[in-house]
Structures are given as C-alpha cells and as structure tokens.
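Numbering (the working numbering), first residue to last: 124 to 595.
#1: How is residue 66 classed by DSSP in three states: helix, strand or coil?
#2: Where in the region 218 to 284 do unbroken runs of the alpha helix (DSSP H), each at least 4 residues long, occur, reported from the N-terminal end onward?
#3: Could you have a look at residue 324 and say whether DSSP puts it in helix, strand or coil?
#4: When the Cα atoms are used, what is the spatial distance from residue 474 to residue 480?
#5: Could you pull out every unbroken beta strand (DSSP E) segment of at least 3 residues lying fully inside the region 311 to 399, listed in chain order?
#6: Checking contacts by CB at 7 Å: is residue 497 closer than that to chain C?
#7: Buried or exposed: where does residue 285 fall if 16 or more other Cβ atoms within 10 Å of its Cβ makes it buried?
#8: Have a look at residue 572 and residue 545 and give me their C-alpha separation to the nearest angstrom.
#9: Confirm, please, whether the CB-CB distance from residue 514 to residue 422 is below 7 Å.
#10: Restricting to Cα atoms, I'd like to know which of 315, 414, 424 is closest to residue 184.
#11: Along the alpha helix (DSSP H) that carries residue 214, what are the first and last residues, could you check?
#12: Within the same chain, show all residues whose beta-carbon is closer than 8 Å to that of residue 299, passing over the 5 residues directly before and after it, in chain order.
#13: What are the start and end residues of the alpha helix (DSSP H) that includes residue 152?
#14: Specify the secondary structure class of residue 210 as computed by DSSP and reduced to three states.
#15: Are the CB atoms of residue 253 and residue 223 nearer to each other than 7 Å?
#16: Rounded C-beta distance between residue 551 and residue 502? I'm assuming under 8 Å.
#17: Out of 462, 330, 402, which has the shortest C-alpha to C-alpha gap to residue 436?
#18: Determine the closest residue to residue 263 out of 205, 373, 562, with distance taken between C-alpha atoms.
#19: Should the region 366 to 386 be regarded as contacting the region 184 to 195, the criterion being three or more beta carbon pairs within less than 8 Å?
#20: Per DSSP, residue 203 forms a beta bridge with which residues?
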C-alpha cells in the first residue's frame, strides 16, 4: 500500500517517461502543490474541529457558521402518512407528495413548475400558491379527516436567517430574483399568506436547506444516520449534535440533540491549512465571491473543472502541451466542465481515445499527441484526487467530533453529482477515511448511502417529524 504521508507517493504516478525533463519538472511541481498528505489531513481535521467548536459557541466570521436548524426529531423509518414538500430553486419550483410506507421506504409524486420572470420580479408568493393549488387539484389531494390543512416541508434555496423550525427571515435575493418587500421578512409567513389568499389548504411546518433534507432522507431509510453531505455542484454538510454542545443555542431546552448545518464550504477562507495553489488563486480572484467559499472551490463540481482548466493553460503557456496552442473554447472561463474530468479520468484505453474526443471534439483543441493526452489525464487525476482526499478529511473531521458515536454503526447520507458520477469517489472516501477513523470502524460500522432528492423527500420527512412531535 502506498505511503500517503510521503510526498513522493503523490509525484511518482505523474512522471511521464517519454516526456522532456522540463515537462516532468513542471508536473512534479504541480503534483506537489495539489498533494494532500496524511499529515496535512490531520492538520485540516484539527483546524476544522477548532472552527466547529468556535462556531457552535458563538457567531464568528472567521469560524464555520454552525447554524442551528431547529430540527430536533429523528425519523425512525416506521412513520406512515402522506406529506407535501416544496422545493424552491433558482429556476424551478417543485411540488412533491411523499408517502412514507412505515417500513423505511417511501414513494414520490412530483411536479415541476418553471418560475416565470414575472414571479421572479414581483409575484413570487402568489405564483407558489397557484402552483401548489394546481398540484393539489390534479392529484385530488385534501387534508386528512379532522384536519384543516396538509402539513408541508419547505426547502428554500435562498439565504435566510432561521428563527424557528418554520420561520426564517430573507437575508437577500440572488439568482436574479428581485421580489420587493421581501428582504428582512419571514419567507414562511409570506408563503402562508399567499396560501390563504388562494384558499390552498396547506401549512408550512418546517423550512430547511437541502443538506438537512439529505440527512433526514437517509435517516428515514437508515435510522443510524448521523450526517448528511452534498458532494455535487456545491458542497455542504449537516449532522446531529448534542444541544448541550451548542453554546449559542438560546432555546429553553438544552437536552437532546439538534441538526446543525455546518456550511463547510466556508472552511478556512484564510487558507491557513488548505493546500492552496496558484491555479486555485486564479479561480478565486476572478470569482464573484472572491475570498469566500474557498473549501467549496477545491472540492465541488462547479469549480474542479475550472481549476483543471487553469492548470492546463499554464502548461500551454509554457509550450509543454498542444505545441503551445489552445482554442477559443478552452480560453473561456468554466468551459472545462467537471464532467469532462470524469470522462478523462475514467479512460483506460491505450490511446486514450475518450480523452482525444473531449479535447479535440468538444473543446476544439488542435490535433493532440498521446503525450498531450497523458498529461491532461495526469492533471485531472491530481485535482480529482485532491478533491476526494479533502472531502474525506471533512467527513472524518465531523464524525471524529462525536467520538462517542463511533462505537456503534453510523450511516452517512450523501447526494450530489461528484458522489454519484466521479470515478471511484465513494471507494476513495472509504479508503482515505480509514486512516483517520480506523480500519475496524470503516470496515464494520461505517456505511455511506446515496440519499437522492433530499430537497424533496427530506423536506417532507422533516414536516413529518415536526407534525408528529406537535401532535404528541
């Protein structure tokens, strides 16, 4: 087994025997920059624990946000019933009917509505109510006997300051939304008022983000779930924490546990411990949120391809690949999609035929040599390997923050395109984390599960737990 604490382990795979000394010198330097040794991961885990502890104690711009979600009820997998979920994104509103079968399984019926420009600019809340009304009518849905409304979970993908399980004030609009008289107001109240105006018999009983939804979706099928993670276009995590450890929690009860939203994409924005390279810095300084979400920019699908594009163009500029030529497509930001990295990394053919198709067919690079294609595959592997090792570091850090749980079985619910589609991502999560969590725990008690559609199913499950606890 390779010694992942030896920097040479991260350099040797990228030596190209048929390449020039200068090319190999540059590749060695690049591989060194992207390397994440075991000692570096231990440093990251230590830094994340410090940031988590500070964020749990009080709000600090230099620490992880560690946002209390007010979600305190775990699903058992035995609950039954039909619940609604709303998933408001930047492009679509999804209305879902989730039926919990009581045997850890569920079924989903959903309808997607494209958000009109008029809704984005002025009448969003009425638009939501109209769409929900259409869904209820088309699926002949009514409140249960003895009830006046249908309980509903609400995944709201805009920044809110959450003040309760079913209340949160809008911090700002983004994604081209400009609805007036909304910022600073409770989004649940605004939505509920629209339901009343349109006589829609629905009550929003919980508002949440998609990471909390992922945790709860996994928790219904796997009641030992302790953590939910998004490894996709973006990245974030949520986990169960003892209330007594949440120093900034001002609620009346400090017994029990609550889901905490880490917002870990913001970890180490000062880059004190993360392996930051010139290619990361180029992406960061050109991004609209310069200096923010630095960790997310190193591991998530939206950004990995751009880091790779920056690294590739640095080799082009030194005339080490493609005879110093590029293309109009490759010269534009965010044209080297992370999906291309997946195709390139997965190519095992002798002539790297799929790499050739991506480079020449998709990116319009002039005819490439086999050496060019090998170098591109090496660059993608360096950046992809760094991404999965950093992902494993973050997952391990959160699990190690609750060491008392590691003696029992632990499930982690994960969603997102990186987890689903990047070659060997799950396998490598297990492999890397065993160094820090231990062989016994990883082999016998840790289970990673795909938890699809947390923003829909998870919202309904949170609605179920709130409704259940309220009825008690």
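Here a beta-carbon is modelled for each residue, glycine too, at the ideal position from N, C-alpha and C.
Quick look at the numbers:
#1: Not covered by the structure: residue 66. The range shown for the chain is 124 to 595.
#2: 247 to 261
#3: coil
#4: 11 Å
#5: 325 to 331, 348 to 354, 358 to 365, 380 to 384
#6: In summary, chain C is missing from the structure at hand, where a single protein chain is found.
#7: buried
#8: 15 Å
#9: yes
#10: 414
#11: No alpha helix (DSSP H) contains residue 214, which DSSP labels as neither H nor E.
#12: 213, 243
#13: Here the alpha helix (DSSP H) through residue 152 covers 144 to 157.
#14: Strand at residue 210.
#15: no
#16: That pair is no contact at about 18 Å.
#17: 402
#18: 205
#19: The answer is yes - the region 184 to 195 touches the region 366 to 386, with three or more Cβ pairs under 8 Å.
#20: Note: residue 203 sits in a beta bridge opposite 224.
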